[in-house]
Amino acid sequence: MSSSTEATARDELSGARKAATIMLLLGEERSAPIWQHLDEDEVKKLSLAMAELGTVPRSKIEAIAEEFAQSLSEQDKVVGNYDRTETFLRGVLPKEKADAIMDEIRGQASRNVWHKLSNVDVTLLSAYLKGEHPQTVALILSRLPPDIAARTLSFLDEEFATEVLNRMLTLNNVQREALESVEQVLHAEFLSGLSRKQRRDSHEAIAEVFNNLDRQAEKRLMAALERTNEAAASKIKELMFTFEDLTNLGPAAIQTLLRSVDKTLLARALKGANEKAREAFTSNMSSRAAKLFMDDLEALGPMRMKDVDQAQAAIIQLAKELEAKGEIMIGRNRDDEFV
Numbered sequence: 041m042s043s044s045t046e047a048t049a050r051d052e053l054s055g056a057r058k059a060a061t062i063m064l065l066l067g068e069e070r071s072a073p074i075w076q077h078l079d080e081d082e083v084k085k086l087s088l089a090m091a092e093l094g095t096v097p098r099s100k101i102e103a104i105a106e107e108f109a110q111s112l113s114e115q116d117k118v119v120g121n122y123d124r125t126e127t128f129l130r131g132v133l134p135k136e137k138a139d140a141i142m143d144e145i146r147g148q149a150s151r152n153v154w155h156k157l158s159n160v161d162v163t164l165l166s167a168y169l170k171g172e173h174p175q176t177v178a179l180i181l182s183r184l185p186p187d188i189a190a191r192t193l194s195f196l197d198e199e200f201a202t203e204v205l206n207r208m209l210t211l212n213n214v215q216r217e218a219l220e221s222v223e224q225v226l227h228a229e230f231l232s233g234l235s236r237k238q239r240r241d242s243h244e245a246i247a248e249v250f251n252n253l254d255r256q257a258e259k260r261l262m263a264a265l266e267r268t269n270e271a272a273a274s275k276i277k278e279l280m281f282t283f284e285d286l287t288n289l290g291p292a293a294i295q296t297l298l299r300s301v302d303k304t305l306l307a308r309a310l311k312g313a314n315e316k317a318r319e320a321f322t323s324n325m326s327s328r329a330a331k332l333f334m335d336d337l338e339a340l341g342p343m344r345m346k347d348v349d350q351a352q353a354a355i356i357q358l359a360k361e362l363e364a365k366g367e368i369m370i371g372r373n374r375d376d377e378f379v
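Heads up: take any position in the sequence shown, counting from 1, add 40, and you land on the working numbering.
Structure below.
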């Protein structure tokens, strides 16, 4: 596993990361006078940026610091990590001050990693952990809140999860170096990649907008979009999640949804749904419950399509909330498969 990550483009680098790149480029001796003019907070901020910088290729260095072109001609890249930062600080600051700064930025970086990891979708986290060694997984789960660790374990196969649990039981005091290594890998391989994956493109954003429109507005705007940009409209349709997509859920997922949904709301939603959608829900009820539900559905009488759309939108939102909690998995189109 790599312990560094490729730095982002110039316009994505913060001021601190740009400054860190230049300071590392200058080296300890040439940058020493600059450090002496920084206050303690500035030193800490710059040190943390250096420690988390990762690898900056030559092309990015030139974009960040054109005025250092002569120096850049002798270097292909700059690498920033904790060891390099510690050596750097000890070369320009008293040992005690350098050690104190390193202790603080290591602690801050550690807190950031575990805080971010605690807010990651457990389905994504478990998918990543399946490829790791059980000892590494045990260490990671031992640092997470118990409810997050439990839900993550539930997505691992039984044999692997049991091995992880056994290793968690025998975990002793973990050396700081080992923990830092795991944290750096999580940041470089999982969290950094995750943040890039989670950036939605414009089609995904528009699909979410369409998901929240009533049916008439959706049809009108989609037709207009198809006339001006057929390719974009087609992609947006693929990304949209509709009430009919709920019929692709497995029995366990539909039963979970049924336990959470208000039955009157469900009846209103199914009033305007096709027979397949009705069957998907009623087939997961007991015979008696299904009969009572259908009686209630028929008793509703005529309904405005706007009210049906609102009910369906509310159930879609509930399904998304259950998915976010890791309780169900939903597909965005009919080609999605569950294995």
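In this text, a Cβ means the ideal position worked out from N, Cα and C, and glycines have one as well.
Closest by C-alpha distance to residue i, when choosing among the options
i: L181; options: W154, L88, E198; result: W154
i: I370; options: T287, E319, D302, R344; result: T287
i: A364; options: I188, V83, E338, L88; result: I188
i: K380; options: L332, R328, F283; result: Past the edges of the chain, shown from 41 to 379, lies residue 380, and the structure says nothing about it.
i: E172; options: R191, F200, K100; result: F200
Beta-carbon proximity check, residue i vs residue j, cutoff 8 Å
i: A178; j: L226; result: no
i: V132; j: S71; result: yes
i: L196; j: S166; result: yes
i: S158; j: L184; result: yes
i: P291; j: N314; result: no
Residue i to residue j span [Cα, whole Å]
i: E92; j: L169; result: 23 Å
i: K360; j: E367; result: 10 Å
i: D285; j: L205; result: 36 Å
i: L306; j: L298; result: 9 Å
i: R98; j: K156; result: 30 Å
i: A247; j: N213; result: 48 Å
i: N269; j: V249; result: 17 Å
i: Q263; j: E80; result: Here residue 263 turns out to be Ala, not Gln, going by the sequence shown. In a straight line, the C-alpha of A263 is about 59 Å away from that of E80.
i: L310; j: E223; result: 48 Å
i: S326; j: F333; result: 10 Å
i: R207; j: L78; result: 46 Å
i: P186; j: T192; result: 10 Å
i: L129; j: K100; result: 24 Å
i: R344; j: L337; result: 14 Å
Residue range of the unbroken beta strand (DSSP E) whose run includes residue i
i: T95; result: 94-97
Span of the alpha helix (DSSP H) around residue i
i: V160; result: Counting along the chain, V160 falls outside any alpha helix (DSSP H), and DSSP gives it neither H nor E.
i: K58; result: 55-75
i: I276; result: 270-279
i: I180; result: 174-182
i: I368; result: Per DSSP, I368 belongs to no alpha helix (DSSP H) and is neither H nor E.
i: L297; result: 291-300
i: S327; result: 327-339
Three or more C-beta pairs below 8 Å linking the stretch 345-355 and the stretch 246-265: Under the 8 Å Cβ criterion, the stretch 345-355 counts as touching the stretch 246-265, having at least three qualifying pairs.
On the three-pair Cβ rule with 8 Å, is the stretch 55-73 touching the stretch 97-104?
Taking a contact to require three or more Cβ pairs closer than 8 Å, the stretch 55-73 and the stretch 97-104 qualify as touching.
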